[in-house]
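Counting with mature numbering (1 follows the signal peptide of the UniProt record, and there is no 0), you get residues -21 to -1, 1 to 804 for the letters of the sequence shown.
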Amino acid sequence: MKHFTCLLLLLLILITSFSSAYSTIVSHDDRAITIDGQRRILISGSIHYPRSTADMWPNLISKAKDGGLDAIETYVFWNVHEPVRRQYDFSGNLDLVRFIKTIQDKGLYSVLRIGPYVCAEWNYGGFPVWLHNMPNMEFRTVNSGFMNEMQNFTTKIVEMMKKEKLFASQGGPIILAQIENEYGNVISSYGAEGKAYVDWCANMANSLDIGVPWLMCQQPNAPQPMIETCNGFYCDQYKQTNPTSPKIWTENWTGWFKNWGGRHPYRTAEDLAYSVARFFQTGGTFQNYYMYHGGTNFGRVAGGPYITTSYDYHAPLDEYGNVNQPKWGHLKELHTLLKSMEKPLTYGNISTVDLGNSVTATVYSTNEGSSCFIGNVNATANALVNFQGNDYSVPAWSVSVLPDCKKEAYNTAKVNTQTSIMTEVPSKPEKLEWTWRPEFARKTILKGSGDLIAKGLVDQKDITNDASDYLWYMTRVHLDKKDPIWSRNMSLQIHSNAHVLHAYVNGRYVGHKIVQDEKFNYIFEKKVNLLHGTNHISLLSVSVGLQNYGPFFGSGPTGINGPVKLVGYKGEETIEKDLSEHQWNYKIGLNGFDQKLFTTNSVGHHHLKWSPEKLPANPMLTWYKANFKAPLGKDPVIVDFNGLGKGEAWINGQSIGRYWPSFNSSDDGCSDECDYRGEYGSGKCAFMCGKPTQRWYHVPRGFLNESGYNTITLFEEMGGNPSMVNFKTVVTGTVCARTYEHNKLELTCNNRPISAVKFASFGNPSGHCGSFAVGTCEGAMDATKVVAKECVGKVNCTMNVTSHKFGSTLECGDSPKRLFVELEC
Ligand code: GAL
């Protein structure tokens, strides 16, 4: 018996040591996520794989790791993986397994937010439109059809991950998974079924047995064992409703997304760092940046309505994958410190000291030592405080980090990292030779011939399944001479939800309407000339991304929902003829798209050839094509669409997204100066007012042939002029820094040499990058010469910012000295 017990024990030890060599045990307690039994401080960042190309992933993930991240978080995007029910696509930049393996190869963890409702400013929140078109369908509630499909897709993803051993429990990088997304924000709209649905989600997820914890973000009282989490610009005030959940922040919004017609959002490095430091000061242990790299909405994945093609988000890595400085570097410094404080932060006793005027010190102490934060949440008043016998100056809206509770190692408002100002460089003077051809919609416009006939007006997504942005609604109306409608003043009146509407009567263009200021439901009315006899009415409804957020977001109207009327005005009298219940012909999508005009080999293969003749004056509904050479080198490539109207663009057959440079952002609401202090919101510190919402479009190198020719194809809907379209690369143009004394300053033009020092002063200089000025005192040495000697001609340089290096600053007195530098790349 004794022998048997010993043998059993040995076997058990063998099994556990064998499995622990291959797997990681991820769990949690009320304080933190634990990995192999150890509480951890985890810093994570969202990178959505389809918003970049597979060849960009290793570089993006390396930069994330270098920036101090432990994990990469991504959603999984159902609509692109299952575009047709039970037909799956995981190819190219949809190769989720490859993405997770790339994370693993780089030695990072991963957080898989399966959703499969994801929002993410993604088309239809990530739901495929066929789902909506299933009988008796209702999203995100107790509905058997919906639950069945959701379970099918979630299981598919889980099985895929399991097969490749990607969960930490199998030795893979995935430490956490998420089901649903922010359902708590909308649950009240679903009545009692809402709660039943959340319970079902939890049970379903649980039954998939993934061996790592599940998250439910913005889900107070999440059914156990789901972990509830917080999303927002700040989560320091967040309190878990469930006492066994650790304080987890799944989305720290690093900036914001952009709408067509909207301004360019900007969240400062100081404020973002402040939000992170406050979170850890108040007991947080897991924090994820949403987004760490935002990237690009290629194709038609942008949600909406009206989300732009760029999803830059003002994230630490910019749309093209460059480090966005000073954000990236300022956070990296903070991450290094937080990691160095992991033990006290996760195991220490927490005590707080109120220092007055909204200043609080927090002490995390263990037997081995303590770490401290001093947070000043006052939005205007700087603080001078005495804490444990030492004086600290804590600027308004900032947090000082003291890893040993004695010396300030970091303050969120004191940025020592360089600011990089990116610039666009023309690739090589290359005048594009355009050929063109019309969309060839004459038959549609003149005769109203389509592919489908229905009585009455049909909702756009119901009929297109979202296969295209474009849907033609066409009808005819016979008016005899005696029709009471006849008058000198007759108009066509359309009650519409089309994001863009173009109207034709008897082959003539009547006009268009573009939704502005989020007025998605409107009445379009234009005077028209009608004929005795048959009149053809052809309306083109254009959608610009399907709604992605809100209760019942999936059932909102799209397209022309009517009524559509002819109206005759006769003095006081108005006579209406309602056409809504007429027979309507429908044509889904573009002829040119069906003929694959965007592919490289489409030249000359079609009924109507591409014409090299001089372009007619800015026609609407026109296809353009040109060849070009890829800009040399490795710098990211962009294309300047200034001069174009609206449409979609393809490079070698791959869609780089919708374009709309003719849509300017509103004229006001921008600020020259951005005060990081006080609460950030998506409208604060915006810039680029009165300019095209998006002028430059990312052309990933992965879409280009390095040698030989590449083809760009445009579908121009609005009648823009392509003659100014040109390709550029994005490089660092100017570098500035405003470093504090006793710091080490690192300067780099990235992969280009530093060419000149435009400004340098050590003392009390002032101003902003581009307008720096010498202050009342300076170090004894010529700072410009010192910096030039260290930096000019080099790709990067490092300096200690001390009077030893820059000369005595006696005349500056006791106040802290700073070094301001502006470099030309
Ligand atoms: C959250 C949502 C994210 C994203 C974010 C805003 O509510 O969970 O998917 O939409 O807002 O960018």
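The beta-carbon is built from N, C-alpha and C at its ideal position, and this holds for glycine as well.
Residue pairing for Asn355: DSSP places it in a beta bridge opposite Val338, Ser377. Residue environment for Val63: exposed (fewer than 16 other C-beta atoms within 10 angstroms of its C-beta). With contacts defined by Cβ atoms closer than 8 Å, Asn355 and Ser377 form a contacting pair. At the C-beta level, Lys492 and Tyr501 come within 8 Å of one another. If you check the CB distance, Trp589 and Arg416 come in under 8 Å. Positions of the alpha helix (DSSP H) runs, each at least 4 residues long and wholly inside the segment 551 to 628, are given as 570 to 573 in order along the chain.
CA-CA distance, Ser520 to Gln495, rounds to 15 Å. Within the segment 198 to 264, the complete alpha helix (DSSP H) segments at least 4 residues long are 248 to 260, listed from N- to C-terminus.
If the five residues before and after Ile400 are omitted, its C-beta is found closer than 6 Å to the C-beta atoms of Gly712, Thr713, all from its own chain and listed in chain order. With a cut-off of 7 Å, the C-beta of Ala294 is classified as distant from the ligand GAL, since no heavy atom of the ligand falls inside that distance.
A Cβ-Cβ contact shorter than 8 Å links Asn722 with Val780.
As computed with DSSP, Tyr54 is found in a beta bridge with Arg92.
Only buried fits Ala477, as 16 or more other CB atoms lie within 10 angstroms of its CB. With contacts defined by Cβ atoms closer than 8 Å, Arg92 and Asn276 do not form a contacting pair. In the three-state reduction of the DSSP assignment, Lys440 falls in the helix class.
Under DSSP, His457 forms a beta bridge with Thr513. Straight through space, the alpha carbons of Cys668 and Ala735 are spaced by roughly 32 Å. Under the DSSP assignment, Asn705 falls in the beta strand (DSSP E) whose first and last residues are 705 to 719. Straight through space, the alpha carbons of Val137 and Leu187 are spaced by roughly 7 Å. Taken in chain order, the complete beta strand (DSSP E) segments of 3 or more residues contained in the segment 401 to 441 are 414 to 417, 431 to 434. Distance from the Cα of Asn72 is smallest, within the candidate group Ser634, Thr690, Cys196, for Ser634. The Cβ atoms of Arg10 and Thr325 lie closer than 8 Å to each other.
As computed with DSSP, Val543 is found in a beta bridge with Ile473. Shown here, Ala281 sits in a strand according to DSSP, grouped into three states.
As summarised for the segment 748 to 781, the continuous beta strand (DSSP E) elements at least 3 residues long and confined to that stretch are 775 to 779, given in chain order. Comparing alpha-carbon positions, the option among Asp459, Pro323, Met270 lying closest to Gly234 turns out to be Met270. Residue range 688 to 695 is occupied by the beta strand (DSSP E) that includes Ile691. In the displayed model, Met320 falls within coil according to three-state DSSP, outside both helix and strand.
At a threshold of 7 Å, Tyr269 counts as near the ligand GAL, since its beta carbon sits closer than that to one of the ligand's heavy atoms.
Between Asp445 and Leu525, the beta carbon gap of about 6 Å places them in contact (Cβ cut-off 8 Å).
When only Cα atoms are considered, Pro95 and Glu555 end up about 46 Å apart. Note that the C-beta distance between Cys770 and Leu802 is below 8 Å. Around the beta carbon of Ser475, a 10 Å sphere encloses 16 or more other beta carbons of the protein chains shown; the residue is thus reported as buried.
At least 8 Å separates the beta-carbon of Ser289 from that of Phe706.
Taking the Cβ atoms as the reference, Val616 lies roughly 13 Å from Val704, outside the contact range of under 8 Å. Checking the 7 Å criterion, the Cβ of Ala665 is out of range of every heavy atom belonging to the ligand GAL.
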